[in-house]
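Contents: one structure, followed by commentary.
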Amino acid sequence: MQGPPLNTFTVMQVVAVAVLLWIVFSHPGPWDARRAIGTALLVTGIAGIAVARYQLGKSFSVTAQARHLITHGIYSKIRNPIYVFGSVLIAGMILALHARPLWWLALGVMGVVQALRARREAQVLEAAFGDAYRQYRRKTWF
């Protein structure tokens, strides 16, 4: 994804972040420890996704594609930081909004879906980059 589609997607993400933050900060209720921890996780998730997207650069795509093997920055430790920090973000929202326990189940389902997507991406990257990807995979988590 490059050019106008990437710009549109990025703008949509920025708007989504603004809406999420507005929801958390305008949500009625006390600012207790649960809400504070949830907000900290939410902000950590947003920051992690932003850093990962920036470091991924033009290699970012919605579907599994093998443009470049990115192994620097956060990608030197985590193969799928956008998925990891997305889960952190959602967990933060659940905590900050004192959401019902059913939302934890939704987070679990999302984790399974992300793991399946990560597996598919790994297959595409291994087919394209072979031994270089296998070595990278041995040195990184998820």
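Residue numbers (the working numbering): 703 to 844. Backbone N, C-alpha and C fix where the C-beta goes; we use that ideal spot for every residue, glycine too.
By the 10 Å Cβ neighbour count, where 16 or more other Cβ atoms means buried, how is residue i classified, buried or exposed?
| i | result |
| --- | --- |
| MET795 | buried |
| ARG781 | buried |
| GLY731 | exposed |
| PHE762 | buried |
| LEU827 | buried |
| ALA735 | exposed |
Could you give the C-beta distance for residue i and residue j, rounded to a whole number, given that I count them as a contact under 8 Å?
| i | j | result |
| --- | --- | --- |
| PHE787 | ILE751 | 5 Å |
| LEU743 | VAL790 | 5 Å |
| ILE792 | LEU809 | 5 Å |
| ALA766 | ARG836 | Actually they do not touch by this definition, with Cβ atoms about 17 Å apart. |
| THR741 | ALA798 | 5 Å |
Compare the C-alpha of residue i against each of the options and name the closest.
| i | options | result |
| --- | --- | --- |
| THR712 | TYR756, GLU823 and ASP734 | TYR756 |
| GLY813 | ARG802, PRO783, ILE725 and ALA801 | PRO783 |
| TYR777 | ILE725, TYR838, GLN825 and ALA749 | TYR838 |
| ALA720 | VAL764, ILE748 and GLN816 | ILE748 |
What is the DSSP secondary structure of residue i, counted as helix, strand or coil?
| i | result |
| --- | --- |
| ILE776 | helix |
| TRP843 | strand |
| ASN782 | coil |
| GLN715 | helix |
| TRP805 | helix |
| TRP733 | coil |
| THR765 | coil |
| GLY832 | coil |
| LEU743 | helix |
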